[in-house]
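Numbering that gives the first Met the number 0 puts the first residue of the sequence shown at 0, with every later residue one more than the last. Using N, Cα and C, we set each Cβ at its ideal position, and we do this for glycine too. The structure presented is a predicted model; accordingly, all values stated were derived computationally and were not measured. Heads up: the structure comes next, in C-alpha cells.
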Amino acid sequence: MTSSIRQFWQQLSENVHPEDRAVFDAQPRHAFNLNYPPPAFIGDVDNAPIVVLMSNGAYKPGMTEAEFPDTSSEIEYREWLRGERRQLPDRLSSYYLNQGLGDWIRAGQAVIVNAVPYRSVKLSSKDEKLNQEVALALRSREMHRKWLAQEVLPQAALGKRFVFVHRNRWWSVPRHCESNCVIFSDHMKAEPNRPLPDRKKLDLADGWLRRRR
C-alpha cells in the first residue's frame, strides 16, 4: 500500500516540494541548502516495519556533493522518493548505510524519516534561528507528522510497526505514546551525540523483528 508520505513526495519534480516553495521564497535569507534532493526518508517508507524518527536532512560539505556528482544522480534520487525506483540510489551516502541500521535499510526492514526533509548544517544551532522559523512553516513537516499520527503510531499500537523516536524536537510525539513498540531515546544523548538509537534499544527492535517472522 502506498503511504500518504509517499503520495506527498510523488509531487516532487525539482529539489523543493511545490507546497514548500512559497515558505522558502518568503524567507530568502534562510540557510537551507536546496541544491540537492531532500532526504525526506531513507528506506522503504511504505512497508518497512522499523521506523526511525530523525530531525532533518544534513548538509555536509564534500560528503553531500559526493552523493550527487551529476544531474543523473539527482534525477535518480527524486525518482526513488516518488517510488518510481525501488532500489536504493546507487550513490546513497554511507552515513545511512554504514551504521547500525544499514543492513535493515538494505533489506527493507527499516526506514529513517526526517521531520524536516531539507538540508542544513545544524538546524538545532542558535545560528540557524531563521531556518528554525522556516522549518515550523513547512507543509512537508506538517505532512510527515500527520503520516506518523494517522498511520504509523496506530500500526505500532497494534504491534505491526516498531518506532524509534530518536530526535523528537520537530516531531513532538507525546511521551504517553511510549509502549513496547514505541521507544524514545534520551534527549540529552540523542542531541547531538548519537546519530542513531543506542545498541541496547536496537537489540529490542531486533528481538521484535525475530518474533514477528
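Counting only the Cα atoms, PHE67 lies some 7 Å from ARG90. Assignment of MET53 by DSSP, reduced to helix, strand and coil, places it in the strand class. Per DSSP, reduced to three states, the secondary structure at ARG118 is strand. Each residue's CA atom was taken as its position, placing ASN14 and ARG209 some 38 Å apart. In this structure PRO173 is exposed. Its beta-carbon is surrounded by fewer than 16 other beta-carbon atoms within 10 angstroms.
DSSP, read as helix, strand or coil, puts VAL162 in strand.
Annotation: the continuous alpha helix (DSSP H) that includes PHE23 extends over 20 to 25.
Counting along the chain, no beta strand (DSSP E) covers GLY101; the unbroken alpha helix (DSSP H) around it starts and ends at 101 to 105. Residues of the same chain with a CB within less than 6 Å of the CB of PHE7, apart from the 5 flanking positions on each side, are MET142 in chain order. Counting the other Cβ atoms within 10 Å of the Cβ of HIS186 gives fewer than 16, which makes it exposed.
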